[in-house]
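Quick note on numbering: the sequence shown equals residues -25 to -1, 1 to 1004 in mature numbering (1 follows the signal peptide of the UniProt record, and there is no 0). We put the beta carbon where it would ideally sit given N, CA and C, even for glycine. In this text, all values refer to a predicted model and were calculated from it rather than measured experimentally. One structure is given here, and the rest of the page talks about it.
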Amino acid sequence: MTMFPRFQILLLLHLLLLLYLLITTEEPNNLGASNYPYINKNYTSPNNYVVNNNVNPSYIPMNFNNVNISPNVPYNNNNNYNYGAYPNVNNNMIHNNNINNMDGKNNYSYDNNLKNVHMNEYTSFMGMKSYPVAPPPNINHMININQNNIHAYNNTNNNNNNNNNNNIYMNNKFNDMKNIPPPPLPNNNIPNVPNIPSPPSLPNNTYHFNANNQINAFAPQYNCYDKDIHMPKGEHENVINSNDDLKDGIKNERDRKFQDNTNNIHNKGNYNNKSTTCNINVDGRERLQNDYNQNFINTGERPQNFIRDSDENKRFIKYPKLKQLLELKNDIIKKRSTPARYIRCDLRTFDLGSLDTKFDVILIDPPWKEYYDRKIHNLHVLNNINLDQDLNNDMNNEKDKFWTLEDLANIEIEKIAEVPSFLFIWCGVTHLEDARVLLNKWGYRRCEDICWLKTNINEKNKKNKYLNEINNENSYLQRTTEHCLVGIKGAVRRSYDIHLIHANLDTDVIIAEETEQNIYDNNKPEELYKIIEKFCLGRRKIELFGTNRNIRNGWLTLGKHIDTTLFNKEEYTGWFEGDIAWPEATSYFNNDPLQKYDKELFDLLEKEKNRQIETINLIASENLTNTAVRECLGDRISNKYSEGYPHKRYYGGNDYVDKIEELCYKRALEAFNVSEEEWGVNVQPLSGSAANVQALYALVGVKGKIMGMHLCSGGHLTHGFFDEKKKVSITSDLFESKLYKCNSEGYVDMESVRNLALSFQPKVIICGYTSYPRDIDYKGFREICDEVNAYLFADISHISSFVACNLLNNPFTYADVVTTTTHKILRGPRSALIFFNKKRNPGIDQKINSSVFPSFQGGPHNNKIAAVACQLKEVNTPFFKEYTKQVLLNSKALAECLLKRNLDLVTNGTDNHLIVVDLRKYNITGSKLQETCNAINIALNKNTIPSDVDCVSPSGIRIGTPALTTRGCKEKDMEFIADMLLKAILLTDELQQKYGKKLVDFKKGLVNNPKIDELKKEVVQWAKNLPFA
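The structure is reproduced here in structure tokens:
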């Protein structure tokens, strides 16, 4: 019963207070925009009342469709509670932590907890109603006001209270209030809206007055710091302040500084200064306001714009050692990066497994729904984008607007993921969990999260973009970041796997500008590529969902918005074969010329070139290639691996290699005037010896019987040569061989060949030789082969040009197999050809081809095949036929010159390009004469003669005219060559008599010998005058 009278007394006091407010409060005559500088001057209220505002034109009221306008907003237990339609009623009141502190001293205290009293109940109790003409302000936009922001005012003489200046003190948190407007308030001119009463006038309080000196407690005179707003002169001077410390001079100086600062900000135009600053009065003293968050509200300028040295070029200026490390790192990356490659494809249907490559780094930038929503929401503010033509054509294609989580999960990343490897996936803000699901599905575990902090320094419509984002229904906060998750597959140890990673070189934050193109086309900052390239040293990198802007050296880019395709699988995979793991040990391309890169080797090659220029080359098996052939030998086609045959390769990317080999095949048949219906040819053998072994193996197999000419008579090692001590050649070991010899005059005795064949019964009989100066009786050999049922094998390596030009007998009329090298009289590269008569021997093509590959060889030398094709083109020209005839004329002329000088020749002459000189009458060996000629710059080779039984110390020399003829020599020049040979023979005999027969002693006589020097000088002078290419 005692409490009931107290409640009645309390209720009576409240009623008296309400009555007092109704009587004493004077209604404002004008509630126009001059009293509310934060109201948009062009804003039309729901009752079509235009509120004029000449001060702050940038404020746009909230969208009524997105805001709950119900006045029954519950009071929240925090500092940002809702005051209903009057958000500023709190400005003249104290907000402490207790509620029931009405002590009779006119100290009104309202705290954050009104003991279950809702705001609408409170305002109704105060005699105020919530009107539906404008929505309540967003609760997130309310300001924090507490005892740290606005200090209590007191009208008593309490000695314990030193706060008697009766001022509202503000710290920097008051900046949050400067541009946060309430909704427009109604006035008397708006129909059906009652007048708004003023709050009670409390003694000794600070009030703001409008131009008519009317109290305006609801519209405090805030200083606006928007760079685009000019405050009318004197308007901010209407604050009556009873603080004696604030003198007129100080006050005027403050106003002048503020006005200057405002004008300077406005005149700067492009807002690039670090922050918006102005001077305000705090605690009776002048303070500099510098608030990046409030600046964001005023201008749309994001706080991260003001982070210093965020640009990667300036980031390490003060850290020279780290800067040097990064420069070295960038040099390595540049050198090791493969050329950019890209594939235009739809990743919904493209088979990643067809790339046949496992990648060290996989970068994915999926077309998430978040990115699509962001683009659609911002279309009307993307001023620099041509919206009439959608670059990606996605807006009209429902399927391609964005990819769902299920769509992305169907990408078979496991087909291209190396172990170990890293995967980087952009996921915006709302797809973080989706990205984690994908990492787990693809076998990766998350190890890092890279955050892109977006700046908008160069954005032209910052404020419009900011205001547009306020009404973004897809976000709760203004989004200025994006995330890129990093996943790792397999185990990587940072201290051990230094060939793969370089840890802790970069941070996990990217500060970069967000452009309109970022929003519209979803492209990301380039810095992520640099982070990846510096972090992961693996060279195999792929990006999915790329566009033309993503094409970059060191990366394979896939996407449907790439204009075209530049990718050759064989070429691409070949770039990583034999890759050296330690990056500093090598570079991918070394474009330095040989003279700069390897001076030692360059000097040796230059000396060899000069030797060839200054030497008379009489070696019958050597020649000089032309420029086009040398270009083929040094071409990039040598990079290619092409095991197999055209259109049946074991490697991809051989489209052009196939065409080159087919061209060589065609030209080989044309050069020797044989038809493709009757003959086939294999152009892959690496040399003449290899071709002979491969052909013999195809014909007879292991331990098959073969018969060839003895080495001393002019045969070749691969014709089954062996001596009494051992089987010298592989052909005598792999096969069972018998050797026939020439007669005492040096000619092939066909009768002895027939008798040996009848007794031995070989499966192959070989004709064609390396030092036989006469033509060959192919018809006679064919008859013998038919008699013993053997294959006829013709090795025409030395005489192939004569055959092609119809200057000697043609083996293709009689032989089953014909082999030849291409670097002797054909003047091509060091390679070989195997011809086979498939009409006479059905199935022989398969035997020959399978013997070459895969039995004896792997990948062919494609540069050689190209060079052979190039030279075979020349064989069919009149120019080459003329050259071949001249070789024969020179050879016959040289033989005659030597005979006139009383030298002995095997068979007393020649039918082809070579001559064999018998030195027995001078009692010297071919080895000693070879050394003498080498000392005077004449190149020839020692050679056996038919009567020799020991091939180690042959009794003759072999000379030929192909190389000299290539350099332009004619018959008359053979006289000089014959003279030099005779002088060399005589000098050799003289030195042998003086120094002895042992070769080691004989060589001593060649050093510091005036006669040698004299002959060399004469030879060099003559040879240097010959043409050389």
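Quick one: residues in its chain with C-beta nearer than 7 Å to the C-beta of residue i, no 5 flanking neighbours on either side, listed in chain order?
i           : result
residue 872 : 949, 950 and 953
residue 513 : 335, 336 and 475
residue 698 : none
residue 419 : 398, 462, 463 and 464
residue 833 : 618
residue 970 : 976, 977, 979 and 980
residue 434 : 440
residue 301 : 291
According to DSSP, is residue i helix, strand or coil?
i           : result
residue 319 : strand
residue 941 : helix
residue 884 : coil
residue 917 : strand
residue 876 : coil
residue 992 : helix
residue 959 : helix
residue -10 : helix
residue 298 : helix
residue 964 : helix
residue 690 : coil
residue 328 : helix
residue 675 : helix
residue 105 : In this prediction, residue 105 scores a pLDDT of 39, lower than 50, which makes its location untrustworthy; no coordinate-derived value is stated.
Could you tell me if residue i is buried or exposed, where buried requires 16 or more neighbouring beta carbons within 10 angstroms of its beta carbon?
i            : result
residue 736  : exposed
residue 717  : buried
residue 381  : exposed
residue 968  : exposed
residue 483  : exposed
residue 355  : exposed
residue 422  : exposed
residue 753  : buried
residue 379  : exposed
residue 1000 : exposed
residue 552  : exposed
residue 658  : buried
residue 677  : exposed
residue 855  : buried
Starting from the C-beta of residue i, find all residues in its chain whose C-beta is less than 8 Å away, skip the five residues before and the five after it, and write them out in chain order.
i            : result
residue 692  : 664, 686, 703, 704 and 706
residue 1004 : 599, 601 and 602
residue 955  : 591, 911, 913, 990, 993 and 994
residue 414  : 398, 400, 420, 421, 460 and 462
residue 985  : none
Within its chain, find whatever has a CB closer than 6 Å to the CB of residue i; leave out the 5 residues flanking it on each side and keep chain order.
i           : result
residue 746 : 689, 891, 918 and 933
residue 942 : 1001 and 1002
residue 508 : 308
residue 796 : 663, 772 and 807
residue -11 : none
Is the distance from the Cβ of residue i to the Cβ of residue j below 7 Å?
i           : j           : result
residue 350 : residue 445 : no
residue 997 : residue 812 : no
residue 768 : residue 739 : yes
residue 596 : residue 837 : no
residue 976 : residue 897 : no
residue 731 : residue 715 : yes
residue 529 : residue 516 : yes
residue 784 : residue 750 : yes
So, does the CB of residue i fall closer than 7 Å to a CB anywhere in chain D?
i           : result
residue 987 : The displayed structure is made up of one protein chain only, and chain D is not part of it.
Return yes when the C-beta of residue i is under 6 Å from any heavy atom of the ligand ZN, and no when it is not.
i           : result
residue 956 : As far as ligands go, the structure on display features none, and thus does not contain the ligand ZN.
*asked:* If we require 4 or more residues per run, which alpha helix (DSSP H) segments fall completely within the region 692 to 769?
replied: The region 692 to 769 contains, as complete alpha helix (DSSP H) runs of 4+ residues, the segments 705 to 709, 725 to 735 and 753 to 763 (chain order).
TODO: For the region 580 to 663, list the beta strand (DSSP E) runs that are entirely contained and at least 3 residues long, ordered along the chain.
DONE: With a minimum length of 3 residues, the continuous beta strand (DSSP E) runs that stay inside the region 580 to 663 are 654 to 657.
Next item on the list: Would you mind listing the beta strand (DSSP E) stretches within the region 528 to 553 that are 3+ residues and don't spill past its ends, in chain order?
Entry: As for any beta strand (DSSP E) of minimum length 3 sitting wholly inside the region 528 to 553, the runs are 531 to 534, ordered along the chain.
>> Quick check on the DSSP output: what are the complete beta strand (DSSP E) runs of length 3 or more inside the region 778 to 816, in order along the chain?
In response: Within the region 778 to 816, the runs of beta strand (DSSP E) at least 3 residues long that lie entirely inside it are, in chain order, 792 to 796 and 807 to 812.
Practice prompt. Write down every uninterrupted run of the beta strand (DSSP E) in the region 381 to 417 whose length is 3 residues or greater and which is fully enclosed by it, in chain order.
Written response: Runs found: 392 to 403.
(request) Could you tell me which uninterrupted beta strand (DSSP E) segments, each at least 3 residues in length, are contained entirely in the region 482 to 515, listed from first to last along the chain? (result) Segments of the beta strand (DSSP E) lying fully in the region 482 to 515: 484 to 488.
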